[in-house]
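Everything on this sheet refers to the single structure shown next.
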Amino acid sequence: MTQSSTRRTQTEGRPEPGADFRTSTSVRYGLDRLFTGLVFIATIIGLIVLAVLLVDVAIDGIPRLSWDFITSFPSSFPDNAGIYPALLGSLWLLALTTLISVPLGIGAAIYLEEYAPDSRINRLIEINISNLAGVPSIIYGLLGLGIFVNFLGPITGGRSIISGALTLALLILPVIIIAAREALRAIPNAVREGGMALGATRWEVIRSHLLPMALPGALTGTILALSRAIGETAPLIVVGAATFITFAPEGPRDAYSALPIQIFSWVSQPQAGFAVAAAAGIVVLMAVLVLANSFAIWLRNKYQRRG
Amino acid sequence: MIVGADLNRPLPLWKSAEMRLSCGYAVLLEVQKVAIEARRGQNSGTEVWHRESRGRYLRERLVKVVLAACAYLSVFTTIGIVLVLLFETINFFRQVSIVEFFTSTTWSAAFANPQFGIMVLASGTLLTTAVAIAVALPLGLLAAIYLSEYASTGMRRWLKPALEVLAGVPTIVYGFFALTFLTPLLKATILPGLPIFNALSAGLIMGVMIIPTIASVSEDALYAVPRSLREGGYALGATKREVATKIVVPAALSGIVAAVILGISRAIGETMIVAVAAGALAQLTLNPLQSVQTMTAYIVQVASGETATGTLTFSTIFAVGAALFVMTLVLNIIAYLFVRRFRETY
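Read top to bottom, the protein sequences are chains A and R. For reference, each letter of the first sequence is one residue, going 76 to 382 in my numbering. For reference, each letter of the second sequence is one residue, going 6 to 351 in my numbering.
Here you go:
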């Protein structure tokens with residue numbers, strides 16, 4: 076306090092010694108308490124919105140849920156409408172997308188992490204992948220429309236399940252590659268060196284040791300990416316998923332619908348009954364997502380305990 | 006050679022069992038098999054070795070080529086996007102003048118005498134994005150400060166994944182929520198004149214969706230600020246809030262800017278929330294209480310109808326998509342440069 080008053084005397088003349096200082100501290104500590112509360116509230120506001128959203132959807136949708144809702148076809152009468160073909164379509168998409176994207180993604184990750192020398196072209200690939208992760212999903216829809224639906228139409232059958240699955244696979248590929256690379260990077264170099272010291276080739280080390288070790292991490296990221304694919308709507312609308320379909324798809328070249336597409340088509344209807352059906356559809360979609368995510372968490376925990 | 010001599014004798018059983026536990030037991034088994042075979046067939050060890058290593062070498066080459074093809078697929082994806090967009094956009098500009106595209110203030114693609122002023126759709130995108138950032142920037146940044154500076158380790162471990170869930174909710178669900186919950190709520194409480202479709206609700210909910218993007222990138226940047234800077238602040242008598250807001254935040258500024266730019270880029274590309282809740286009325290306005298059509302919502306509107314390949318309307322969605330792609334690409338590159346800057350500083 077003496078110090079501050081001396082400084083004051085030098086610069087301003089003769090103020091009341093220390094008077095400024097005392098008030099300032101209590102105000103500053105008060106502001107600190109306020110700020111602590113503020114940052115905490117800001118953190119949980121998003122979570123509160125999420126909770127309200129879930130409760131709102133559940134209140135609207137759960138009374139509408141029934142076995143009939145899951146096994147019925149869409150209808151122009153909101154009370155008869157069901158999600159059977161959409162649910163089947165989503166399962167088809169999920170299976171095909173997994174089959175296409177997982178081997179490609181893990182293969183690319185292995186190449187970039189274990190084989191690629193640090194050359195200009197490989198750095199270009201890396202930048203390219205992180206850039207693809209930032210491209211809006213609707214642009215992938217346009218890519219799918221141009222290539223899989225129109226250009227390769229004779230092979231894929233146009234607006235078919237396989238076109239949709241290929242589009243979704245390209246969409247989530249960057250996410251899978253990034254997750255698998257992180258899992259590979261976490262493996263200590265001693266494992267690679269040990270394998271090679273025993274005379275194994277690079278691929279033998281990868282197949283027998285690196286892949287099993289990286290699998291839990293890679294799988295967790297992959298399942299999260301796939302659950303994103305289940306919820307994607309925009310690219311599927313662009314590649315031509317149908318909103319009103321009265322048969323169950325039977326092969327990859329069939330026309331199809333998907334859960335989010337069905338929800339979108341119900342949301343767009345003016346009748347109130349369809350909003351309720353949409354809410355029920357959302358409950359089913361969220362249940363599928365929760366299931367997928369719990370599976371990812373369970374898988375990770377299981378392998379972590381073993382390792 | 007000692008190695009050759011070893012090869013002609015199978016490894017003792019106890020030794021191989023022990024080796025199984027260590028890394029390359031598959032390889033050892035193979036070596037043993039080769040060695041046994043070599044003795045039975047009275048081949049010299051080296052000859053067998055040559056053949057085997059040649060096979061392994063070829064397999065190794067093949068595997069490498071296949072894996073590299075997987076990696077190069079990402080490059081072809083980018084090339085595919087650019088080519089598809091370019092091809093149809095050129096088609097579009099054969100029929101519509103570039104000057105009109107960038108200067109016209111009317112968008113009436115579906116009418117008999119169509120007008121294509123991208124400005125109109127861009128204003129819808131700009132409006133919803135501005136509302137979203139107005140929500141997500143303060144909430145995301147404050148959440149990042151809480152997670153990085155205030156939260157205990159336990160809280161952090163629990164809250165970070167919880168916030169990430171916000172980004173994992175399908176956007177169609179957010180759209181439904183904005184349309185059937187938030188808009189009626191705003192209408193019943195503070196804004197009685199609000200139309201059913203409006204930029205405000207869509208933007209607010211989109212802001213919530215973007216919170217995790219801004220929070221996690223900013224938090225990385227705040228967390229990377231060295232401890233010595235904080236301690237220097239405390240030594241000068243600053244309180245925790247003063248250290249956080251006047252030292253840590255400015256030091257992490259480039260990372261925070263990157264976070265906001267990434268958030269903007271996500272908001273521009275977001276589709277379903279605006280397609281469901283903001284409407285389909287293409288008009289040039291900066292009033293969030295009105296119904297607007299964004300670039301993404303226009304693509305959805307056209308794509309969900311029946312449009313034949315090769316028509317002008319069909320080319321239009323690719324032209325709009327190209328504009329969208331360029332905008333997000335530029336923003337992502339700027340964000341990348343900012344992130345690299347904060348990584349280099351510390």
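Note that CB positions come from ideal geometry on N, CA and C, so glycine has one too.
So is residue i buried or exposed if we call it buried at 16+ other beta carbons inside 10 Å?
| i | result |
| --- | --- |
| I145 (chain A) | exposed |
| Q346 (chain A) | exposed |
| R108 (chain A) | exposed |
| R162 (chain R) | exposed |
| D135 (chain A) | buried |
| I214 (chain A) | buried |
| F116 (chain R) | exposed |
| L329 (chain R) | buried |
| F81 (chain R) | exposed |
| E4 (chain R) | It is not possible to answer for residue 4 (chain R), since the shown part of chain R is limited to 6 through 351. |
| W373 (chain A) | exposed |
| V132 (chain A) | buried |
| S221 (chain R) | buried |
| A193 (chain R) | exposed |
| A362 (chain A) | exposed |
| G60 (chain R) | exposed |
| V335 (chain R) | exposed |
| E236 (chain R) | exposed |
| T94 (chain R) | buried |
Where does the unbroken alpha helix (DSSP H) through residue i begin, and where does it stop?
| i | result |
| --- | --- |
| L311 (chain A) | A309 to V313 |
| N203 (chain A) | R195 to L207 |
| R161 (chain R) | T158 to G173 |
| P143 (chain R) | I123 to I150 |
| K251 (chain R) | Neither: K251 (chain R) is in no alpha helix (DSSP H) and is coded neither H nor E. |
| P59 (chain A) | A question about residue 59 (chain A) goes unanswered here, because the residues of chain A that appear run from 76 up to 382. |
| L289 (chain R) | Neither: L289 (chain R) is in no alpha helix (DSSP H) and is coded neither H nor E. |
| E105 (chain R) | I103 to T108 |
| I304 (chain R) | M300 to S309 |
| D143 (chain A) | W142 to T146 |
| L234 (chain R) | R232 to A240 |
| G274 (chain R) | L258 to G274 |
| Y331 (chain A) | No alpha helix (DSSP H) holds Y331 (chain A); DSSP gives it neither H nor E. |
| L205 (chain R) | A204 to Y228 |
| P189 (chain R) | T188 to T194 |
| S212 (chain A) | S212 to G219 |
| I177 (chain R) | T176 to F182 |
| V281 (chain R) | M277 to A282 |
Which residues in the same chain have their Cβ closer than 7 Å to the Cβ of residue i, if we skip the five residues on either side of it in sequence?
| i | result |
| --- | --- |
| L163 (chain A) | A323 and P324 |
| L364 (chain A) | S302, I305 and G306 |
| T333 (chain R) | S270, I273 and G274 |
| F182 (chain R) | I210 |
| I304 (chain R) | I322, V325 and G326 |
| T318 (chain R) | A114, V307 and T312 |
| V358 (chain A) | V132, A133, G136, I137 and L140 |
| L342 (chain R) | none |
Give every residue of the same chain whose Cβ lies closer than 6 Å to the Cβ of residue i, excluding the five residues on either side of it in the sequence, and list them in chain order.
| i | result |
| --- | --- |
| L144 (chain R) | I216 |
| L18 (chain R) | With a pLDDT of only 44 at L18 (chain R), under the threshold of 50, the placement of this residue in the model should not be trusted, and no figure is reported. |
| I320 (chain A) | P160 and S332 |
| P149 (chain A) | A156 and F319 |
| G129 (chain R) | V297, Q298 and T299 |
| A139 (chain R) | none |
| T218 (chain R) | L267, G268 and R271 |
| N337 (chain R) | S270 |
| A21 (chain A) | Nothing about residue 21 (chain A) can be read from this structure; chain A reaches only from 76 to 382. |
| F339 (chain A) | T308 |
In its own chain, which residues sit with a C-beta less than 8 Å from the C-beta of residue i, not counting the 5 before and 5 after it?
| i | result |
| --- | --- |
| I208 (chain A) | A small correction: the amino acid at residue 208 (chain A) is Ala; Ile does not occupy that position in the sequence shown. For A208 (chain A), where only same-chain residues beyond five positions count, the Cβ hits under 8 Å are P249, V250 and I253. |
| T196 (chain R) | According to the sequence displayed, residue 196 (chain R) carries Leu and not Thr. Excluding sequence neighbours, L196 (chain R) sits near L205 and L294. |
Open item on the list: Is it the case that the stretch 201–211 of chain R contacts the stretch 180–189 of chain R, given that we only count it when at least three CB pairs across the two stretches are under 8 Å?
Closed with: yes
TODO: Take every Cβ of the stretch 254–271 of chain A, pair it with every Cβ of the stretch 286–297 of chain A, and state whether three or more of those distances are shorter than 8 Å.
DONE: yes
Open item on the list: Count Cβ pairs between the stretch 331–346 of chain A and the stretch 148–164 of chain A that sit closer than 8 Å; are there 3 or more?
Closed with: yes
- [ ] Examine the Cβ distances between the stretch 166–185 of chain R and the stretch 117–134 of chain A and report whether three or more of them are shorter than 8 Å.
- [x] yes
Open item on the list: Can you confirm whether the stretch 202–209 of chain A touches the stretch 267–276 of chain A when touching is taken to mean that 3 or more C-beta pairs between the two stretches lie within less than 8 Å?
Closed with: no
TODO: Could I get the ranges of all uninterrupted alpha helix (DSSP H) runs contained in the stretch 222–293 of chain A, with 4 residues as the minimum, in chain order?
DONE: 228–231, 236–260, 264–272 and 277–280
Open item on the list: If contact is defined by three or more beta carbon pairs under 8 Å, each pair taking one atom from either stretch, is the stretch 248–255 of chain R in contact with the stretch 143–160 of chain R?
Closed with: yes
TODO: Could you say if the stretch 258–265 of chain A and the stretch 190–197 of chain A meet the contact criterion of at least three C-beta pairs nearer than 8 Å?
DONE: no
Open item on the list: At 3 residues or longer, what runs of the beta strand (DSSP E) sit wholly inside the stretch 343–379 of chain A?
Closed with: none
- [ ] Indicate whether the contact test is met: 3 or more Cβ pairs, each with one atom in the stretch 62–80 of chain R and one in the stretch 177–188 of chain A, closer than 8 Å.
- [x] yes
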